[in-house]
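Per full-length UniProt numbering, residue 1 is the first one in the sequence shown, and the count goes up by one each step.
In this text, a Cβ means the ideal position worked out from N, Cα and C, and glycines have one as well.
In what follows, a single structure is set out as structure tokens and then discussed.
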Amino acid sequence: MAATTPEQIDQVRAIVAAIPPGKVTTYGDIAEAVGLATPRTVGWIMRTDTADLPWHRVISASGRPSAPRAELQLRLLKAEGAPIIDGRVVMRTARTQLG
Numbered sequence: 001m002a003a004t005t006p007e008q009i010d011q012v013r014a015i016v017a018a019i020p021p022g023k024v025t026t027y028g029d030i031a032e033a034v035g036l037a038t039p040r041t042v043g044w045i046m047r048t049d050t051a052d053l054p055w056h057r058v059i060s061a062s063g064r065p066s067a068p069r070a071e072l073q074l075r076l077l078k079a080e081g082a083p084i085i086d087g088r089v090v091m092r093t094a095r096t097q098l099g
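Dropping the structure here:
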């Protein structure tokens, strides 16, 4: 597997920063847009480098929030107007298109 480049990390940061309030994108969408081999790499970047990013707008493709901050993530998304039903973001309306 190729190493993640600083440029890819910057691209991930730029994509996350550009997600509008009330909208979400997935780890997989970001990985595909940046050319990363796996969505897990996006997760790694998000865990290590999110201090100033709207991290809560990146979610799994199922619409379920990520542990251990799932409750906070849903609360932040709901406050922004993201549609949430039964603890899951309604992806067909909340998912933003990248690029």
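* Euclidean distance between Cα positions of threonine 38 and alanine 31 -> Taking the sequence shown and counting its residues from 1, one reaches residue 38 at position 38. Taking the sequence shown and counting its residues from 1, one reaches residue 31 at position 31. Computed Cα separation, rounded: 6 angstroms.
* Asked: On the three-pair Cβ rule with 8 angstroms, is the stretch 20 to 31 touching the stretch 48 to 61?
  -> The stretch 20 to 31 makes contact with the stretch 48 to 61, as at least three CB pairs between them are under 8 angstroms.
* **Limits of the alpha helix (DSSP H) - the one that tryptophan 44 falls within** => Position 44 of the sequence shown, counted from the start, is the residue given in the question as residue 44. First-last of the alpha helix (DSSP H) with tryptophan 44: 39 to 48.
* **Buried versus exposed call for glutamine 73 [16 or more other C-beta atoms within 10 Å across all chains shown]** => Taking the sequence shown and counting its residues from 1, the one referred to as residue 73 is at position 73. Buried, because 16 or more other Cβ atoms sit within 10 Å of the Cβ of glutamine 73.
* To do: From the DSSP output, in three-state form, read off arginine 88 for me.
  => For this step, residue 88 is matched to residue 88 along the sequence shown. Of the three classes helix, strand and coil, the one that applies to arginine 88 here is strand, per DSSP.
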